[in-house]
Structure formats: structure tokens, C-alpha cells
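If you read the sequence shown in UniProt numbering, its first letter stands for residue 1, the second for the next number, and so on.
Backbone N, C-alpha and C define an ideal beta-carbon position, used for all residues, glycine too.
Let me begin by presenting the structure, written as C-alpha cells, before commenting on it.
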Amino acid sequence: MKHQIGGHDENKFSYSYSLIEGGPLGDKLEKISYENKFEAAASGGSICKSSMKFYTVGDNVITEDEIKALIKGSEGVYKPVEAYLLANPEACN
Numbered sequence: 001m002k003h004q005i006g007g008h009d010e011n012k013f014s015y016s017y018s019l020i021e022g023g024p025l026g027d028k029l030e031k032i033s034y035e036n037k038f039e040a041a042a043s044g045g046s047i048c049k050s051s052m053k054f055y056t057v058g059d060n061v062i063t064e065d066e067i068k069a070l071i072k073g074s075e076g077v078y079k080p081v082e083a084y085l086l087a088n089p090e091a092c093n
């Protein structure tokens, strides 16, 4: 898989990147762009707000089920990271 970094903003705790080659793109998708922003939670933790934009090749259409599968795959990356950070809070210092 090949990713392209879009940018980051340390003051807003946000970053963006795009998947531009390989992985789940297949023949229908040119790229998938991701934007993540972290905010303080009232409980003392943090909240990650994520958005994904899908860019199709030509007139291809992706179905709701395909979008759900792509989102589920993306969530699969965050869950292990979240579990690790909760078990090892010193890793962020």
C-alpha cells in the first residue's frame, strides 16, 4: 500500500493522508482520503473524529455495503492502537 501525507496541524491536533495505491482500492477507487482530529474529552481522555472521502475511478459507483466494509477495515487499525495506549499510557509521554 502507498500513502500520501496531506498534512498535519499540531495546534488543532489533526492530520490527513490518502491511500493512493494498493490495499482496498481495487479497480473502483482512485484513492481514499482520511482526516483525523483529536479533541479533549470531559472524562479526561480524548475523542478521535475521523472522516473518509472516497474518490472513484471514472463513473464507478461504490455501494453502501462496500463503504461499510471499508469503514470496518479502517476501524480495525484503531482498536489495537487504542488497546495498547490504554494499557501503556506512558507510551505517549
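{"Asked": "For Gly26, which of Tyr78, Tyr55 and His8 has the nearest alpha-carbon?", "Found": "Tyr55"}
{"Asked": "In this structure, how does DSSP classify Gly76 when only helix, strand and coil are distinguished?", "Found": "helix"}
{"Asked": "Judging by CA-CA distance, which residue of Glu10, Asn11 and Ile67 is the nearest neighbour of Ser51?", "Found": "Ile67"}
{"Asked": "For Tyr7, report the span of its beta strand (DSSP E) as first-last.", "Found": "According to the sequence displayed, residue 7 carries Gly and not Tyr. Lys2 to Asp9 is the span of the beta strand (DSSP E), which, as asked, contains Gly7."}
{"Asked": "Give me the DSSP bridge partner(s) of Leu19.", "Found": "His3 and Ile32"}
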